[in-house]
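Student: Line by line, the protein sequences give chains A and B.
Numbering-wise (my numbering), the first sequence opens with residue 1 and increments by one.
Numbering-wise (my numbering), the second sequence opens with residue 117 and increments by one.
Protein chains: 2
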Amino acid sequence: MKVIYKVWLDNNGKAFGEGPYELLKRVEQTQSLHQAANQMGMAYSKAGQSFGSRSKGSVFPCLDRKVGGRSGGGSQITARAKNLMKHYEGFRKMWKKAMRKSYRRHFGYLEEGVSI
Amino acid sequence: MKVIYKVWLDNNGKAFGEGPYELLKRVEQTQSLHQAANQMGMAYSKAGQSFGSRSKGSVFPCLDRKVGGRSGGGSQITARAKNLMKHYEGFRKMWKKAMRKSYRRHFGYLEEGVSI
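Encoded structure:
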């Protein structure tokens, strides 16, 4: 027996969870939406729609994108996105710990290969 | 902003979460799988597959079913199912409380219409 969960934030129908978090994290590291999307096996256009300045699919604009130019363009995450990620990390850490504890407390007697 | 979650237990690919819990609860109250399925707008055959003595879809056999007879048959939940429900209730209460607390701690500043 194990517990399985999906948890995400929702802002008027726009979602923020593990996938968007992971993509932003990679943009932060690589300063490139192209590379971030590549690393995740995701189409660049899809990644762009999720986090572009128009933020069709995002909780709010998360990326500053530069197209072309001397350095060949690039992407940076916004201060607001950085803040969201920080809070998301704290939130995730806290509830995951509680989930493990709740499971152990109530199903410890069945425990075998818990996947959290 | 609000948090959305789906949480269930998994036993070798067989799931137990809100739907199965609710169905068992209603069988316990009505002593009838027919009535329980009806109340949930669920096909009797589907409910039966989920929780029959062969327990194709269930974590383990959850129902004792009597077909026909003087009183017209009926269903009761097994002692094992009762135990599972009790633990599930405690588990759910504990992690839900922690989820609310984690959200408030990390996103309280955005809070508006949290749906948990």
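We treat Cβ as the ideally placed atom computed from N, Cα and C, and that holds for glycine.
Nearest to B/Pro136 by alpha carbon, out of B/Ala195, B/Ser166, B/His222, B/Gly224?
Tutor: It is B/Ser166 whose Cα lies nearest to the Cα of B/Pro136.
Student: Please classify A/Gly48 as buried or exposed, where buried requires at least 16 neighbouring CB atoms within 10 angstroms.
Tutor: Its Cβ being crowded by 16 or more others within 10 Å, A/Gly48 is buried.
Student: Using three-state DSSP, classify A/Asn12 as helix, strand or coil.
Tutor: Note: A/Asn12 maps to coil in three-state DSSP.
Student: Output needed for A/Arg26: all residues of its chain with C-beta closer than 8 Å, excluding positions within five of it in sequence on either side, in chain order.
Tutor: Only Gln35, Ala36, Gln39, Met40 meet the Cβ criterion.
Student: In chain order, what residues of the same chain lie with their CB nearer than 8 Å to the CB of B/Glu138, ignoring the 5 residues before and after it?
Tutor: Same-chain partners within the cutoff: Met156.
Student: Would you identify the three-state DSSP class for B/Val143, choosing helix, strand or coil?
Tutor: In the structure shown, B/Val143 sits in a helix (DSSP, three-state: H, G or I).
Student: Anything in chain B within Cβ reach of A/Tyr44, meaning under 9 Å, just list it in chain order.
Tutor: Ordered by position in chain B, no residue passes the 9 Å Cβ test against A/Tyr44, which lies about 28 Å from the chain.
Student: Would B/Phe149 count as contacting chain A if we go by Cβ distances under 9 Å?
Tutor: The question names Phe, but residue 149 of chain B in the sequence shown is Leu. Not an interface residue.
Student: Just how far apart, CA to CA, sit A/Ser53 and A/Lys6?
Tutor: In this predicted model, A/Ser53 has a pLDDT of only 49, less than 50, meaning its place in the structure is not dependable; the value taken from the coordinates is given anyway. So the two alpha carbons sit approximately 27 Å from each other.
Student: What number of angstroms, rounded off, separates the C-alpha of A/Phe60 from the C-alpha of A/Asn12?
Tutor: Answer to the nearest angstrom: the Cα atoms are 11 Å apart.
Student: Tell me the residue span of the beta strand (DSSP E) that contains B/Gly224.
Tutor: Note, B/Gly224: premise wrong, no beta strand (DSSP E); not H, not E.
Student: For the beta strand (DSSP E) that A/Ser75 lies in, which residues bound it at each end?
Tutor: 74 to 77 is the span of the beta strand (DSSP E), which, as asked, contains A/Ser75.
Student: A/Met1 touches chain B at which residues, Cβ-Cβ below 8 Å?
Tutor: Within chain B, the residues near A/Met1 are Leu125, Asp126, Asn127, Val175.
Student: Tell me, please, which residues DSSP counts as bridged to B/Tyr121.
Tutor: Paired residues: A/Val7.
Student: Going along the chain, which residues of its own chain have a beta-carbon closer than 7 Å to the beta-carbon of B/Thr194, five neighbours each way excluded?
Tutor: Excluding sequence neighbours, B/Thr194 sits near Pro177, Cys178, Leu179, Asp180.
Student: Since B/Gly184 and B/Gln147 are thought to touch, with beta carbons under 8 Å apart, how far apart are those beta carbons, to the nearest angstrom?
Tutor: Rounded, the Cβ-Cβ distance is 15 Å, inconsistent with contact.
Student: Can you name the residues of chain B whose CB is closer than 7 Å to the CB of A/Arg105?
Tutor: Chain B residues near A/Arg105: Met210.
Student: Taking A/Ser75 as the query, report the chain B residues whose CB atoms sit under 9 Å from its CB, ordered along the chain.
Tutor: What A/Ser75 touches in chain B: nothing, since even the nearest Cβ is about 24 Å away.
Student: Can you grab the Cα-Cα spacing for the pair A/Gln29 / A/Lys86, in whole Å?
Tutor: When rounded, the distance between both Cα atoms is 15 Å.
Student: So which residues of chain A does B/Gly206 contact, with C-beta pairs closer than 7 Å?
Tutor: Residues of chain A passing the Cβ test: His106.
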